[in-house]
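S.K.: Residues 60 to 173 (the numbering used here) are what the sequence shown spells out, left to right. Think of the CB as a built atom: it goes at the ideal place given N, C-alpha and C, for glycine as much as any other residue.
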Amino acid sequence: KLIETKPFKEINATLMPIHLPSCSNHTYLSDEYFYCHIKYFSITYTHAIGTCKMGSDPSMGAVVDYNLRVHGVDNLMVADASVMPDTISGHTSAPTMMIGERAADIIKKKLDQL
60 KLIETKPFKE
70 INATLMPIHL
80 PSCSNHTYLS
90 DEYFYCHIKY
100 FSITYTHAIG
110 TCKMGSDPSM
120 GAVVDYNLRV
130 HGVDNLMVAD
140 ASVMPDTISG
150 HTSAPTMMIG
160 ERAADIIKKK
170 LDQL
C-alpha cells in the first residue's frame, strides 16, 4: 500500500523484490511474505541471541537440546543467551540468568548421580 501513496507515485517508486528461498512458498507482497522477510532480515545490534538455538531438531537449526547439551557432542553444554531460539522483547539479562540457573541444576543433578 505504501508504494501506492501519492509521494511514492510522484517519484515513480517501484519495489525491488528480494527472492529469499525460505519465503518462496508465500504469495509476493502478502502479509505472510512480509512476516517471513521480517523474520529473516531482522537483527539485533546489542545483546545478540540465537547463535546456538535450542530445539529438538538439528536439521531445523537447533544446536542444543532442551537440557542445553550440544547435539552430536558428548559432555558439552551451552548456557548463555545464544541458546534462545527467538528474539525477546525485553532485556536479555533475566532470561540469561535463568538459563545459567537451569544449567547449574542440570550439572548438580548429574553430579549427584555419580
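Using 8 Å for Cβ pairs, my map puts Gly120 next to Met143. What's the rounded Cβ distance?
M.R.: The Cβ separation is near 13 Å, so there is no contact.
S.K.: From the DSSP secondary-structure annotation, give me the bridge partner or partners of Arg128.
M.R.: Met136
S.K.: Closest by CA to Leu74, which one among Thr64, Pro80, Asp116?
M.R.: Out of Thr64, Pro80, Asp116, Thr64 has the C-alpha closest to the C-alpha of Leu74.
S.K.: Do you know how far the Cα of Ile102 is from the Cα of Pro3?
M.R.: Outside the shown range of the chain, which is 60 to 173, sits residue 3, and nothing can be said about it.
S.K.: Thr155 lies in the alpha helix (DSSP H); which residues open and close that run?
M.R.: 152-171
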